[in-house]
């Protein structure tokens, strides 16, 4: 095998600018209060120059989780769950079980023949896949027949199932070289008028249901790899990376986002052409084929590219729009059908690991893609893979695949660098996935804000004079139609100069206004409506204002205000070493705003954002939602589980049940009084700490965690906050891990208005987790 294992240890230095707010939460155990830092990174506004940038100036900006857009009309309210809520919402990540079958049994291909090698016994079962020419997309029933195996069995299919007697079953997926397809593509390319540039690969890797926050939460090694290797001489000399910060999903469903990326048309437009039609009816198939012909892979095939399509699904979603027959040189669809039949593969499995014959499901996609790229050196290539690994709530499967994603991206980039071939790699998601209740503002933010990263050869950027356009567009509202237009034009890039590409770009039509990310700049004034985004899911639409006086008669507003004050006073009444904090009362309502999740629906879900002052001059913000009970999930398990049920009858005498739930209580102003400081003994500390916290003396956090066979959690987080902490008490520095303040069962970065207890000079605590 030509693949290699890449191991890296990366340290990324990032400029952090800290602001602080107090968060108040209420759980089943106790009420907790803490202050969290926010990393603010504003994207620069770059002026477009006539001659664009030189290659040496085409730098990659680092991927930063808290990066924010600026200077545009559509700015998202928030980006999703913060770093500080990762554990509370998603829990610790556990190791996935290995898919290794525990034997040296294997299936291989040699000289167009299939060989099954059993470590101990003979082949017990052997099932070939369908011929390469018969691939059906989506849900369908295929009948597989057991064959008598013999060494060198003809490889007419690209996938096989085999089982050695007494061993677990195996399955394998190969990319088999297609010389006919290569010669056809070569003939088209050579027929172009212009001299052909370097071979180009356009690769689209879609991870279904991954928000931008989830990318950082679950693929930290991959992010660190890209930040390091795209900025230094390893890959930075030849490639530039762009992180498009403002992506708002059309709806948080795959079909609404992928149809525009495939075709430049909306889901509703293409669906109207095949509504009430079925692929099984031969007279309807022509309509589906017409939709499929609009796809970007069709355009690439017509322009002399080899084409590949793989989508991990056994369901009918996109196939209901473009049909079950994908016209590409290499198609991977039936393999997932076989995996479903023999290994229980499903698009939406909640299992911690989905194994298909000795490998995680996604590794089959990775291997196939890499084999495809390796098999066709010197050729223009298009590849699309759609991964279902993140179709589960915890993010654990994606987290455990982190190192494999790192290796995949490294091998793709390194292959093109070593071959001196051009690359345009779109690494992205279709939409995000929420957690906790879908009605929290953070959860909605996660659902509608996917990630989009472009890694491009600098030669492409230079030829298209695209660097400043791309940098500016990372800060604009990027639409699915922009991505379609950008990718489609790349099919013409090898054969056209800059001026010809400009002309060709004007010929590309989309249902909604679109811009080519290389050639054009997205307007700063772009709106959700102009991008085809459904307004219920537009996360930059402004909140509506409510009458300030309405809180006295509106049950929801009344509850949110009074319950939040009770929470604050509950916290303030807690005593640490007999020291208490002040009691507060409502002074003045400053503003009441609301966000309707389903506009125009009576008693539909609504998020309220209320700001008020207390008698102690604290400026408080409360967020809460009102909706019918079925809209919420596991109320008692969510942060700040404060809620109440309102029952009433509407004008038609129907019983209406509405839950009012608080999500967060935040102090917006800075507290300047001197906090209470006390010393606490080690035994007292131990009694207050959960299992993740380890206490000790005269050692650093890293050493202490290692002694307990545990992993130190983000020691750099404590280092960067140390200077801020020193402002509020006598803070002991404890080596690499530094020290942190403990209150209750949380780490606290404190600014007052509650009791605060820094460490004594002889004690510190480390935040650890099991390795």
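In this note's numbering, the protein residues as written are 40 to 810.
Built from N, CA and C at the ideal position, the CB exists for glycine as well.
A residue is called buried when at least 16 other Cβ atoms come within 10 angstroms of its Cβ; residue 444 meets this threshold and is buried.
Per DSSP, residue 299 lies in no beta strand (DSSP E); the unbroken alpha helix (DSSP H) holding it starts and ends at 293-302. Residue 532 is positioned such that its CB atom lies closer than 8 Å to that of residue 499. With contacts defined by Cβ atoms closer than 8 Å, residue 600 and residue 623 do not form a contacting pair. Shown here for residue 572: same chain residues with a beta carbon closer than 6 Å to its own, the five before and five after excluded, namely 287 and 289 in chain order. The C-alpha of residue 436 lies about 21 Å from the C-alpha of residue 209. Of the candidates 545, 256, 116 and 175, 256 places its Cα closest to the Cα of residue 127. Counting only the Cα atoms, residue 519 lies some 6 Å from residue 299. Excluding its 5 nearest sequence neighbours in each direction, residue 214 has C-beta neighbours in its own chain below 7 Å: 197, 369, 407, 410, 411 and 414, listed in chain order. Residue range 537-546 is occupied by the alpha helix (DSSP H) that includes residue 542. In chain order, 312, 313 and 316 place their CB closer than 7 Å to the CB of residue 326, counting only its own chain and leaving out the 5 sequence neighbours on each side. With three or more CB-CB distances shorter than 8 Å, the stretch 553-573 counts as touching the stretch 507-518. For residue 267, no beta strand (DSSP E) segment is defined; the enclosing uninterrupted segment is the alpha helix (DSSP H) at 259-268.
Here residue 695 is exposed. Its C-beta has fewer than 16 other C-beta atoms within 10 Å. Per DSSP, the continuous beta strand (DSSP E) segment holding residue 627 begins and ends at 625-635. Annotation: the continuous alpha helix (DSSP H) that includes residue 309 extends over 306-313.
In terms of CA proximity to residue 562, 508 leads the group 508, 439 and 586. Close CB contacts of residue 506 within its chain, under the 6 Å cut and outside five residues either way in sequence, are with 91, 92, 97 and 500 (chain order). When the five nearest sequence neighbours on each side are left out, the beta carbons in the same chain lying within less than 8 Å of the beta carbon of residue 310 are those of 359 and 360, in order along the chain.
At least 8 Å separates the beta-carbon of residue 143 from that of residue 278. Where residue 111 is concerned, there is no enclosing alpha helix (DSSP H), because DSSP gives it neither an H nor an E. For residue 519, the enclosing alpha helix (DSSP H) stretches over residues 519-529. CA-CA distance, residue 489 to residue 692, rounds to 42 Å. Look at residue 94 here: in three-state DSSP terms it is helix.
Taking a cut-off of 8 Å on C-beta distances, the stretch 133-142 does not touch the stretch 164-181, as fewer than three cross pairs fall below it. For residue 682, there is no enclosing alpha helix (DSSP H); the residue is found in the beta strand (DSSP E) stretching over 682-688. By the criterion of a C-beta distance shorter than 7 Å, residue 268 is surrounded in its chain by 274, once the five residues flanking it on both sides are discounted. Boundaries of the alpha helix (DSSP H) around residue 219: 218-229.
Boundaries of the alpha helix (DSSP H) harbouring residue 324: 324-331, taken from the DSSP string. Around the beta carbon of residue 239, a 10 Å sphere encloses 16 or more other beta carbons of the protein chains shown; the residue is thus reported as buried.
Contact annotation: residue 487 and residue 607 have beta-carbon atoms that are not nearer than 8 Å. Secondary structure at residue 248: coil, using DSSP grouped into helix, strand and coil. In the three-state DSSP reduction, residue 199 falls in the strand class (E or B). Within the stretch 440-496, the beta strand (DSSP E) runs of at least 3 residues that lie entirely inside it are, in chain order, 461-467 and 491-496. Residue 466 is classed as buried because its beta carbon has at least 16 other beta carbons within 10 Å across all chains shown. Counted as a single uninterrupted DSSP element, the beta strand (DSSP E) harbouring residue 347 occupies residues 345-350.
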